[in-house]
Structure formats: C-alpha cells, structure tokens
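**Q** The structure follows.
Number of protein chains: 2
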Amino acid sequence: MTNRIAPRSGTAFTVKKGQKIKVIDPEGEQVSDIYCFNAIDIKEYLSSGRTLDYNESIEFGKGSVLYSNRSNEMLEIVADTVASHDFLLTPCSKETFRHFYPEETPVPGCHGNLVNAFHEYDIPEEYLNTTFNIFMNVDVAADGKISVLPPKSKAGDYTVFEAKMDLIVGLTACSAGESNNFTYKPIEYEII
Amino acid sequence: MTNRIAPRSGTAFTVKKGQKIKVIDPEGEQVSDIYCFNAIDIKEYLSSGRTLDYNESIEFGKGSVLYSNRSNEMLEIVADTVASHDFLLTPCSKETFRHFYPEETPVPGCHGNLVNAFHEYDIPEEYLNTTFNIFMNVDVAADGKISVLPPKSKAGDYTVFEAKMDLIVGLTACSAGESNNFTYKPIEYEII
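Residue numbers (my numbering), protein chains in the order written: chain A, -14 to 177; chain B, -14 to 177.
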C-alpha cells in the first residue's frame, strides 16, 4: 500500500525490525525528512554525529547505516536511486523560516510537523535533533561553505531503509522552498 | 584564574550572559569538546544542525555564533588563534572506542566525561548531542569523505567564547588518540 504525505506535512508510524520503508518522490525535486526512535526506549534516537563518525563520510547511499546516539544500527539504506541526501542540517522550524524566509508567514516546517506527529507517541519536542534529509542536495565547498541546491531526485525516484530494530518513525514532505526548488510537492512511502 | 582539565577528563560549570570562556591548549595538538544548556531550561541545548544551517558553513572562527535547538544564540566566538574546529562529530563514548580502537580497553571518552560532569546539574545522558569540538581538525573531501587529522593548535593557542545567555557548560580534554595525535594532553580554561 502506498501512503501519501501531503505537501508541507508529516506523519509518524511504527515499523518492526526487518521491515523496509520505501520513501518515494512521486513528482521529483522534493525532500523528505526522516527521524526515528527505539520503539521500546525513546531515549535512544537517530544521531547525525554518530552516523557521520562511523560512516566517515557526509555522503550516503546503498549500504550506508544510520546509527543511534547509543551507537546501535537503526536504519540501513538497502536501495537508492538518488544517493544524494543530507545529514548535517536540522529540519526547518518557525524560527528557521523567520531566519531564511523573513518575507513569508512562518509555517511549522518539518520540525513542527515531526513534533506534532511524534506527540502521538509521547515524544517531547527536545528529543528531536538533526534529521536525515532524504533527497536533500547539500553541497559543502572546499572552504566549508554550505549550499542548499535543488534535489537531484526525479519523478518516481526512491530510497529504501531497512529497520535494524523496532522503531517509531517520523517522515515529512518538505516545507522549505530552498530545499525543494520552491515546488512543495507530496511524498509517498510504503512499508514493505 | 586558570583552571586545568586533566588529560582524558571533563568538567561542568555555569556562566552568566556576557561572561567569556577562554579555552586554552597549553601544550598544543589537543582537542576540547564543549557543550552547553540554557541554565534555566535544559530542554534548550547547543545544536550542531541549527548552527551549521545558520552559519551556512562547517568552518568556524572569530564571529561565528553557535545556536540552540530553539534557534537562540548561545555562544559567540570572539577571539580565536586557531579557527580550526569541528561541529560534525559526536564525542567518543565507550562504544565509539570499541568501534575505532578495538585493541584498547574502552574509556568513557568525552561523551562519558560530559555525562558525568552534567550529572551534577541533573542533566540526563540523552540530552547530550553533537558537541562543538574545539581545535579538532576534521577534513571533508570533495567526495564527502571525513578524515580526522592532528589539531593545528600550538602550545598556548586559544579560543574565546562569549555566553549569549546564562549557561551550564561542559568542557573536556580529549580522550581519543586519533583526534589529538595520540598525545592525551590537558586543557586549560578561564572564565573572564
């Protein structure tokens, strides 16, 4: 069954160890932020810093493993037609919108949408850290400068994550114009 | 007054808004991990992802501002004789030592030392995220590969942080050989 995440929104769900989450960009050039918690202990959560450390890379694709703050494997990328993702930047919040898009009315952003989605699982806002930003195209120049570029994903492109433990997962359709080339499209996902 | 952090250890203390923390590498080639919380609400903490986002860079030096998960300014670098720091990687824990140094007996690392130091302020372990790693020399190659290189700091080099709010601060002398060129030296700091 294919589930649809409406533009500028988010959802949360549980998966069992061994299940796969296929995240699809149905129209192309859209970003989806994913975050997860150990389903039986939410004090264990996805960690950008541990993952960058153990992968020894800021680039991710098939075979990359995403780790928890306790150094356990949480997700493994088992298929990927894009292999252009970001794990440096936090999801946009209302404050991020005020910073980067002062002319827009601030929206909750992926941060606010994930916070709302995780409320169902009694996960407090402060437990949400840097998300893995699927299809987000972030360039780091030789001088360290970070640039957010249009996603490389085309219509129908996907990334498949295998759960390495029972997880509570949050997933969004990106709200920030710069990240999705100002297209604000939906995201689709399947639990396999 | 100059305070000394013994090799492979850590401490925590409070500072008021406007006070400055001078972190000194007394012998050179040592790394110090810093982390902080809003002193009146520990649910607000230093955020790598927000800081990378707002600085639009993975490089930091004089003038760089370090932000909280709530997008508020926490620390500003107001003097810096090194300008080579890292804000990508999490502090080493026992599990990190098992991963990178399987031949060594695992030590608490900067993660464990910060967790212990923050206990005094009733801050739970899961609130500790990616630290700002002062003097840590991390190279990101064009292909995204991360390399940890010997620090560029020489004896007496320092970085000064100004507190932008009242803070609980944790600070360490690095325990991980690869980060400090296998020298395991002390760190000094002054509250100005």
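Heads up, the beta-carbon is just placed ideally off N, CA and C, and yes, glycines get one too.
Would B/Phe120 and B/Pro136 be called neighbours here (beta carbons separated by less than 8 Å)?
**A** Within the second sequence, numbered from 1, the residue matching residue 120 of chain B stands at position 135. Within the second sequence, numbered from 1, the residue matching residue 136 of chain B stands at position 151. For B/Phe120 and B/Pro136, yes; Cβs fall inside 8 Å.
**Q** Look up B/Thr(-1) in the DSSP assignment and give the residues it is bridged to.
**A** What you label residue -1 of chain B is simply residue 14 of the second sequence in a count that begins at 1. DSSP output for B/Thr(-1) lists B/Ile153 as bridge partner(s).
**Q** By the 7 Å beta-carbon criterion, what residues does the region 33 to 46 of chain B contribute toward chain A?
**A** Ser33, Gly34, Arg35, Leu37, Asp38, Tyr39, Glu41, Ser42, Ile43 and Glu44
**Q** Short of 7 Å in beta carbon distance, which residues of its chain neighbour A/Lys16, apart from the five on each side in sequence? Order them along the chain.
**A** Here residue 16 of chain A corresponds to residue number 31 of the first sequence, with the count starting at 1. Per the sequence presented here, residue 16 of chain A reads as Val, with Lys not at that position. So the qualifying residues of the chain are Asn118, Ile119, Phe120, Met121, Pro136, Cys159, Ser164 and Asn165.
**Q** Determine the closest residue to A/Ser(-6) out of A/Ile19, A/Tyr52 and A/Glu58, with distance taken between C-alpha atoms.
**A** Within the first sequence, numbered from 1, the residue matching residue -6 of chain A stands at position 9. Here the closest residue by C-alpha is A/Ile19.
**Q** Going by beta carbon distance, what residues of the same chain come within less than 8 Å of B/Arg83, once the five residues before and after it are set aside?
**A** On the second sequence, position 98 is the one that residue 83 of chain B refers to. Within the same chain, B/Arg83 has close Cβ partners Pro91.
**Q** Name the residue from A/Pro11, A/Asp10 and A/Tyr30 whose alpha carbon lies nearest to the alpha carbon of A/Met150.
**A** On the first sequence, residue 150 of chain A is found 165 positions in, with the first residue counted as 1. Comparing Cα positions, the closest option is A/Tyr30.
**Q** What are the boundary residues of the beta strand (DSSP E) that includes B/Thr115?
**A** Taking the second sequence and counting its residues from 1, the one referred to as residue 115 of chain B is at position 130. That residue, B/Thr115, is in no beta strand (DSSP E); it is neither H nor E in DSSP.
**Q** At 3 residues or longer, and completely inside the region -5 to 53 of chain B: list those beta strand (DSSP E) runs for me, N to C.
**A** -5 to 0, 5 to 10, 17 to 23, 26 to 30 and 50 to 52
**Q** Give the C-beta separation of A/Leu73 and B/Gly34 to the nearest angstrom, bearing in mind that I take them to be a contact with Cβ-Cβ under 8 Å.
**A** In the first sequence, counting from the first residue as 1, residue 73 of chain A sits at position 88. In the second sequence, counting from the first residue as 1, residue 34 of chain B sits at position 49. Beta-carbon to beta-carbon, A/Leu73 and B/Gly34 are separated by about 7 Å, close enough to satisfy the 8 Å threshold.
**Q** Give me, in chain order, the residues of the same chain whose beta-carbon lies closer than 6 Å to that of B/Tyr39; leave out the 5 immediate sequence neighbours on both sides.
**A** Sequence index remark: in the second sequence, residue 39 of chain B carries index 54 (1-based). Tyr52.
**Q** Quick check on A/Arg(-7) - is its C-beta less than 8 Å from some C-beta in chain B?
**A** Indexing the first sequence from 1 puts residue -7 of chain A at position 8. So, not an interface residue.
**Q** So is B/Ala140 buried or exposed if we call it buried at 16+ other beta carbons inside 10 Å?
**A** As a first step, residue 140 of chain B must be located in the second sequence, where it is residue number 155. The residue in question, B/Ala140, is exposed, as its Cβ has fewer than 16 Cβ neighbours within 10 Å.
**Q** Kindly list, in the order they appear in chain B, the residues whose Cβ is closer than 9 Å to that of A/Ile131.
**A** Residue numbering aside, residue 131 of chain A sits at position 146 when the first sequence is read from its first letter. Correct list: Leu37, Asp38, Asn40, Glu41, Ser42 and Ile43.
**Q** When DSSP labels each residue in this structure, what does B/Thr81 get in the three-state scheme?
**A** Numbered from 1 along the second sequence, position 96 holds the residue referred to as residue 81 of chain B. For B/Thr81, the three-state secondary structure derived from DSSP is helix.
**Q** Please report the distance separating the alpha-carbon of A/Thr(-1) from that of A/Ala24.
**A** Sequence index remark: in the first sequence, residue -1 of chain A carries index 14 (1-based). Sequence index remark: in the first sequence, residue 24 of chain A carries index 39 (1-based). So the two alpha carbons sit approximately 7 Å from each other.
**Q** Are the C-beta atoms of B/Thr115 and some chain A residue less than 8 Å apart?
**A** Locating residue 115 of chain B in the second sequence gives position 130, where the first residue counts as 1. Yes, B/Thr115 counts as interfacial toward chain A.
**Q** Thinking C-beta only, is A/Asp124 closer than 8 Å to A/Gly13?
**A** The residue given as residue 13 of chain A occupies position 28 in the first sequence. The residue given as residue 124 of chain A occupies position 139 in the first sequence. Not closer than 8 Å, so no.
**Q** Since A/Ser132 sits in a beta bridge, which residues does DSSP pair it with?
**A** Against the first sequence, residue 132 of chain A aligns to sequence position 147. A/Ser132 is bridged to A/Asp124.
**Q** Who are A/Tyr143's beta bridge partners in DSSP?
**A** Reading the first sequence from its first residue, position 158 is the one you call residue 143 of chain A. Note: A/Tyr143 sits in a beta bridge opposite A/Ile9.
**Q** Would you check if the distance between the CB atom of A/Phe22 and the CB atom of A/Ile108 is smaller than 8 Å?
**A** Position 37 of the first sequence, counted from the first residue, corresponds to residue 22 of chain A. Position 123 of the first sequence, counted from the first residue, corresponds to residue 108 of chain A. Yes, the pair counts as a contact, with Cβ atoms nearer than the cut-off.
**Q** Would DSSP call B/Ala161 helix, strand or coil?
**A** Position 176 of the second sequence, counted from the first residue, corresponds to residue 161 of chain B. Coil at B/Ala161, not helix or strand.
**Q** Consult DSSP for A/Asn(-12) and reduce its assignment to one of helix, strand or coil.
**A** Looking up residue -12 of chain A in the first sequence gives position 3. Under the three-state reduction of DSSP output, A/Asn(-12) falls in the strand class.
**Q** According to DSSP, is A/Leu99 part of a helix, a strand, or is it coil?
**A** As a working mapping, residue 99 of chain A is identified with position 114 in the first sequence. Three-state result, A/Leu99: helix.
**Q** When you compare each of B/Asp10, B/Gly129, B/Tyr169 and B/Phe103 to B/Ala195 by their alpha carbons, which one comes out closest?
**A** The first residue shown for chain B is -14 and the last is 177, placing residue 195 of chain B beyond what the model contains.
**Q** How long is the line joining the alpha carbons of A/Ile177 and B/Asn54, rounded to whole angstroms?
**A** Within the first sequence, residue 177 of chain A is the residue found at index 192, counting from 1. Within the second sequence, residue 54 of chain B is the residue found at index 69, counting from 1. Their backbone Cα atoms lie some 33 Å apart in a straight line.
**Q** Hey, B/Thr116 and B/Pro171 are a contact pair by Cβ (cut 8 Å); roughly how many whole angstroms apart?
**A** One-based indexing of the second sequence puts residue 116 of chain B at position 131. One-based indexing of the second sequence puts residue 171 of chain B at position 186. Not a contact, Cβ separation roughly 18 Å.
**Q** Suppose the cutoff is 8 Å on Cβ atoms and the five residues either side in sequence are ignored; what does the same chain contact list for B/Leu99 look like?
**A** Against the second sequence, residue 99 of chain B aligns to sequence position 114. The answer, listed in chain order, is Gly(-5), Ala(-3), Asp18, Tyr20, Pro76, Leu113, Thr116, Gly155 and Thr157.
**Q** Return the first residue and the last residue of the beta strand (DSSP E) that B/Ala68 is part of.
**A** In the second sequence, residue 68 of chain B corresponds to position 83, counting from 1. B/Ala68 -> no beta strand (DSSP E), and no H or E assigned at all.
**Q** Going by other Cβ atoms of all chains shown within 10 Å of its Cβ, with 16 needed for buried, is B/Pro93 buried or exposed?
**A** Within the second sequence, numbered from 1, the residue matching residue 93 of chain B stands at position 108. Flag for B/Pro93 reads buried.
**Q** State yes or no: is the C-beta of B/Thr90 nearer than 7 Å to some heavy atom of the ligand NAP?
**A** Questions concerning the ligand NAP fall outside what the structure shown contains, since it holds no ligand whatsoever.
**Q** Quick one: what's B/Leu60 bridged to in DSSP?
**A** Along the second sequence, read from residue 1 onward, the residue named residue 60 of chain B stands at position 75. For B/Leu60, which the question treats as bridged, DSSP gives the partners B/Leu51 and B/Ala148.
**Q** For B/Ala126, count the other beta carbons within 10 Å of its own beta carbon; 16 or more makes it buried, fewer makes it exposed. Which is it?
**A** Along the second sequence, one-based indexing puts residue 126 of chain B at 141. It is exposed - the Cβ of B/Ala126 has fewer than 16 other Cβ atoms within 10 Å.
**Q** Enumerate in chain order the residues of its own chain whose CB-to-CB distance from A/Gly48 is below 6 Å, with the five nearest sequence positions on each side excluded.
**A** Within the first sequence, numbered from 1, the residue matching residue 48 of chain A stands at position 63. Here the set comprises nothing.
**Q** Closer than 9 Å by beta-carbon distance: list the chain A residues that pair up with B/His84, in chain order.
**A** Taking the first residue of the second sequence as 1, we reach residue 84 of chain B at position 99. Residues of chain A passing the Cβ test: Asp38, Tyr39 and Ser56.
**Q** At what residues does the beta strand (DSSP E) containing B/Tyr174 begin and finish?
**A** Here residue 174 of chain B is taken as the residue at index 189 of the second sequence, counted from 1. Counting along the chain, the beta strand (DSSP E) containing B/Tyr174 begins and ends at Ile172 to Ile176.
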